[in-house]
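So the sequence lines, in the order shown, correspond to chains U and W.
Just so we're aligned, residue 0 is where the first sequence starts under numbering that gives the first Met the number 0, counting upward by one.
Just so we're aligned, residue 0 is where the second sequence starts under numbering that gives the first Met the number 0, counting upward by one.
C-beta: ideal position from N, C-alpha, C; glycine also.
Presented below is the structure to which this report refers.
Number of protein chains: 2
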Amino acid sequence: MFLDMPLEEAMSTQRAIRRLKPDPVDDALILHTVEMALKAPTGNNQQGWVFMVVRDRGRVRAIGDLNRRAWRLYSWLGRKLGLVTEKLEGIVKAGDYLAEHFGETPLVVVPCYKGRVPPFPFIANASYFASIFPAVQNFLLAARAANLGAVLTTLPLWNVRRLKKILELPGNVTPCAIIPVGWPIGKYGPVTRRPVEEVVHLDRYGNREFLNRPAITTVMDPM
Amino acid sequence: MFLDMPLEEAMSTQRAIRRLKPDPVDDALILHTVEMALKAPTGNNQQGWVFMVVRDRGRVRAIGDLNRRAWRLYSWLGRKLGLVTEKLEGIVKAGDYLAEHFGETPLVVVPCYKGRVPPFPFIANASYFASIFPAVQNFLLAARAANLGAVLTTLPLWNVRRLKKILELPGNVTPCAIIPVGWPIGKYGPVTRRPVEEVVHLDRYGNREFLNRPAITTVMDPM
Numbered sequence: 000m001f002l003d004m005p006l007e008e009a010m011s012t013q014r015a016i017r018r019l020k021p022d023p024v025d026d027a028l029i030l031h032t033v034e035m036a037l038k039a040p041t042g043n044n045q046q047g048w049v050f051m052v053v054r055d056r057g058r059v060r061a062i063g064d065l066n067r068r069a070w071r072l073y074s075w076l077g078r079k080l081g082l083v084t085e086k087l088e089g090i091v092k093a094g095d096y097l098a099e100h101f102g103e104t105p106l107v108v109v110p111c112y113k114g115r116v117p118p119f120p121f122i123a124n125a126s127y128f129a130s131i132f133p134a135v136q137n138f139l140l141a142a143r144a145a146n147l148g149a150v151l152t153t154l155p156l157w158n159v160r161r162l163k164k165i166l167e168l169p170g171n172v173t174p175c176a177i178i179p180v181g182w183p184i185g186k187y188g189p190v191t192r193r194p195v196e197e198v199v200h201l202d203r204y205g206n207r208e209f210l211n212r213p214a215i216t217t218v219m220d221p222m
Numbered sequence: 000m001f002l003d004m005p006l007e008e009a010m011s012t013q014r015a016i017r018r019l020k021p022d023p024v025d026d027a028l029i030l031h032t033v034e035m036a037l038k039a040p041t042g043n044n045q046q047g048w049v050f051m052v053v054r055d056r057g058r059v060r061a062i063g064d065l066n067r068r069a070w071r072l073y074s075w076l077g078r079k080l081g082l083v084t085e086k087l088e089g090i091v092k093a094g095d096y097l098a099e100h101f102g103e104t105p106l107v108v109v110p111c112y113k114g115r116v117p118p119f120p121f122i123a124n125a126s127y128f129a130s131i132f133p134a135v136q137n138f139l140l141a142a143r144a145a146n147l148g149a150v151l152t153t154l155p156l157w158n159v160r161r162l163k164k165i166l167e168l169p170g171n172v173t174p175c176a177i178i179p180v181g182w183p184i185g186k187y188g189p190v191t192r193r194p195v196e197e198v199v200h201l202d203r204y205g206n207r208e209f210l211n212r213p214a215i216t217t218v219m220d221p222m
């Protein structure tokens, strides 16, 4: 197989890469990365994905405009409200860089799914996105294993009508994410996350019985 | 690293496993699998996940009741409307099995995220789920690499109030998926999917320029 990076290594080093070289990316590599995305599950196995691969300069720049306008407001507001902690400062700087250089991104992948998103009931709303974001994550992991830089964004969705126009999408196809892709400036590295013991609750919210378990040593498989 | 299955192998064989043995699953293994889930990206790196691990029999059965009631209606409707094609028949049978045996599932993982889901505007709605379903997919891939069976479901979300009560979740934590987990009856195997050329469009919807590209052979990385 081609992308044979060990699973844990790919996951543990899948950082959001917002600084991308303008160098072109091989078509076959992108196709293969999308192919891996499509291994993810979809509701009723409907496989209703539409993956837009955008490298036409005019369209990439138009998506970049949508990104920049939202980013300006968003980052300004974040600073204004004092939400940009020291920890977030690096992300904001990288976001500034992306906003400025979006037009030079060699390609932008826009994962879409068939149908319109039902805002209600909750089960329908959640089930819709449960069919597209697993594929998005597969794409990001495959890109990481290929050493491609990529970052999951949603900012251009503030004007989804305009985005659909840029991509000439029909009414019944909904763009769900925007992923700038290219060879990274800089390197992938380990991600830092909250400890798992903080996130896991056993049986009922607040029960921390897992907290004092030892780290994994052996696994028994009764098969 | 522990889950060192090559990325493509994990993705290519990550089938939905609905037939699970009642044998227990090691706590440390589950914790580690969730730890891998948490490597996924979240909006603004907020890491607002809450992962419920449910193995209390009463609660597992209660979630199973929610699942079965929805499944009965759903599968009956699917048959009634002639939607259960030969291809889907296998899934429906496995769904019947899961509905019948849900209570014996050794554990159920319920990935949740902080906050309530904003149904509008679209960007907020999509961004919310963009912070949880990538982690869900990481969990499913890690489970696959550990040879654990798992399946992403949303059916119990038809009664999200009841589900929250079963798990004693506070108001500002939203369950987004329900994943029965256990050692699989039967084996993992390759998934079958639509060909990537059918799913990818270049620059504008309907443009099939990628269709006649050769399969991947070499990759050039300008780094």
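Any idea if arginine 17 (chain W) is buried or exposed, counting beta-carbon neighbours within 10 angstroms, 16 or more meaning buried?
buried
Quick one: Cα of glutamine 13 (chain U) to Cα of valine 190 (chain U), how far?
7 angstroms
My understanding is that cysteine 175 (chain U) touches isoleucine 131 (chain U), with C-beta atoms under 8 angstroms, so please give their C-beta distance in whole angstroms.
5 angstroms
Could you tell me which of U:Glu196, U:Phe209 and U:Gly114 sits nearest to leucine 49 (chain U), measuring between CA atoms?
Note that residue 49 (chain U) is valine in the sequence shown, not leucine. Closest by alpha carbon: U:Gly114.
Nearest-angstrom Cα distance between lysine 238 (chain U) and arginine 78 (chain W)?
As displayed, chain U neither begins before 0 nor continues past 222, which places residue 238 (chain U) out of reach and without an answer.
Determine the direct distance from the alpha carbon of histidine 200 (chain W) to that of asparagine 206 (chain W), and round the result to whole angstroms.
5 angstroms
Between which two residues does the alpha helix (DSSP H) containing methionine 35 (chain U) stretch?
26 to 36
Is glycine 181 (chain W) buried or exposed, if buried means 16 or more other CB atoms sit within 10 Å of its CB?
buried
Below 7 angstroms between beta carbons: does that hold for isoleucine 39 (chain W) and glutamine 136 (chain U)?
With the sequence shown as reference, residue 39 (chain W) is identified as alanine, and isoleucine is not the correct amino acid for it. Yes, the Cβ-Cβ distance between alanine 39 (chain W) and glutamine 136 (chain U) is below 7 angstroms.
Does DSSP put isoleucine 177 (chain W) in a helix, a strand or coil?
strand
Using a Cβ-Cβ distance under 7 angstroms, would leucine 30 (chain W) count as near chain U?
yes
Interface flag, arginine 233 (chain U) vs chain W, CB-CB below 7 angstroms:
Because chain U here runs from 0 to 222, residue 233 (chain U) falls outside it and cannot be looked at.
Which first and last residues belong to the beta strand (DSSP E) in which leucine 201 (chain W) is found?
199 to 201
Just to confirm before moving on: does the CB-CB distance between proline 5 (chain W) and aspartate 55 (chain U) stay below 7 angstroms?
no
Three-way DSSP call (helix, strand, coil) for glycine 77 (chain U) in this model
helix
Identify, in the order they occur along the chain, each residue of the same chain with its Cβ nearer than 7 angstroms to the Cβ of alanine 145 (chain W), setting aside the five sequence neighbours on each side.
Leu2, Leu28 and Thr32
Inter-residue Cα distance where the pair is tyrosine 73 (chain W) and asparagine 158 (chain W)
14 angstroms
Between which two residues does the alpha helix (DSSP H) containing valine 91 (chain U) stretch?
85 to 100
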